[in-house]
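Report on the following structure.
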Amino acid sequence: MSETDLPDRVPRAFADHGSFEPAAEEGAWTSETTAFEGKVRAEPAEDGRVRFAVTVRVPTLSAATADEIADVVEEGWIETFELRVVDVGGVTRGDDEFDPDVTAGDDEVVVEFELTDINERRGVDNAGALIDFVEGTYVQGVIPGYEYVDPVAGLLSAARRQGNDGGI
Numbered sequence: 001m002s003e004t005d006l007p008d009r010v011p012r013a014f015a016d017h018g019s020f021e022p023a024a025e026e027g028a029w030t031s032e033t034t035a036f037e038g039k040v041r042a043e044p045a046e047d048g049r050v051r052f053a054v055t056v057r058v059p060t061l062s063a064a065t066a067d068e069i070a071d072v073v074e075e076g077w078i079e080t081f082e083l084r085v086v087d088v089g090g091v092t093r094g095d096d097e098f099d100p101d102v103t104a105g106d107d108e109v110v111v112e113f114e115l116t117d118i119n120e121r122r123g124v125d126n127a128g129a130l131i132d133f134v135e136g137t138y139v140q141g142v143i144p145g146y147e148y149v150d151p152v153a154g155l156l157s158a159a160r161r162q163g164n165d166g167g168i
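Per full-length UniProt numbering, the very first residue in the sequence shown carries number 1; after that it's consecutive.
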């Protein structure tokens with residue numbers, strides 16, 4: 001599949017959205033508004049629809065801290081993150097139901113969503129919303145008391161500035 005197989009309206013929707021840049025891989029775009037790696041691949045689907053495959057990569061708790069994390073804490077954090085991230089209802093416009101795939105590795109957790117839409121702009125908006133949702137869910141699950149490294153340290157710092165209360 002190449003980007004040229006996509007209707008011209010799809011690359012335009014990504015360009016107009018403002019938070020995506022073309023990726024090296026044809027038919028793919030990367031999110032430029034999140035601290036984590038967010039990528040969307042688009043391909044033609046049936047009846048003029050477009051299939052959007054959204055992948056977000058986030059660090060495990062131990063990869064995000066300068067501190068040693070006990071295995072039981074890491075495992076509990078991953079289980080909780082997965083439970084939260086699959087509860088994606090209400091984040092997107094439209095009637096999509098999601099069954100995200102969450103895969104944990106040694107240093108990262110990969111979250112994958114799929115959606116199909118006839119409206120390319122709504123599809124791109126929904127893809128961006130899913131990436132933002134994963135980032136927000138991650139930040140909500142940060143455990144206080146650890147020294148975090150970037151990009152998580154930067155996210156927490158920004159949240160403190162925005163909240164102006166020094167919490168988190």
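Yeah, the Cβ is synthetic: ideal placement off N, Cα and C, and Gly gets one too.
Contact belief for residue i with residue j at Cβ below 8 angstroms, rounded distance in angstroms
i, j, result
"A45", "G27", "About 13 angstroms separates the two Cβ atoms, so there is no contact after all."
"A70", "V149", "No, A70 and V149 are not in contact; Cβ-Cβ is about 18 angstroms, not under 8 angstroms."
"L115", "V139", "Incorrect: roughly 23 angstroms between the Cβ atoms, too far for contact."
One or two residues paired with residue i in a DSSP bridge
i, result
"A104", "V109"
"E114", "A53"
Option nearest residue i by Cα separation, candidates the options
i, options, result
"E21", "V85, G128, P151", "G128"
"A24", "K39, R12, A15", "K39"
"D5", "R49, T30, G18, F98", "R49"
"T103", "V58, A153, T116", "V58"
"R12", "V86, D125, A159", "D125"
"P100", "G90, V85, F81", "V85"
"W77", "D67, R93, S62", "S62"
"E68", "G105, E147, P151", "E147"
"T30", "D47, L130, G90, D106", "L130"
"V88", "F98, T80, F81", "F98"
"D106", "P7, A153, R9, T60", "T60"
"D47", "S19, P7, R93", "P7"
Residue i at chain C interface by Cβ criterion, 8 angstroms
i, result
"F52", "The structure shown contains no chain C, having only a single protein chain."
Practice task
Could you pull out every unbroken alpha helix (DSSP H) segment of at least 4 residues lying fully inside the stretch 2 to 76, listed in chain order?
Solution key: 9 to 17
Problem - Contact between the stretch 123 to 135 and the stretch 23 to 41 (3+ Cβ pairs under 8 angstroms) - result: yes
Problem - Given 8 angstroms, three or more beta-carbon pairs between the stretch 96 to 113 and the stretch 47 to 58 - result: yes
Practice task
For the stretch 142 to 160 and the stretch 118 to 127, state whether three or more C-beta atom pairs, one from each stretch, are separated by less than 8 angstroms.
Solution key: no
Problem - Entirely enclosed alpha helix (DSSP H) segments - the stretch 119 to 160, minimum 4 residues - result: 120 to 140
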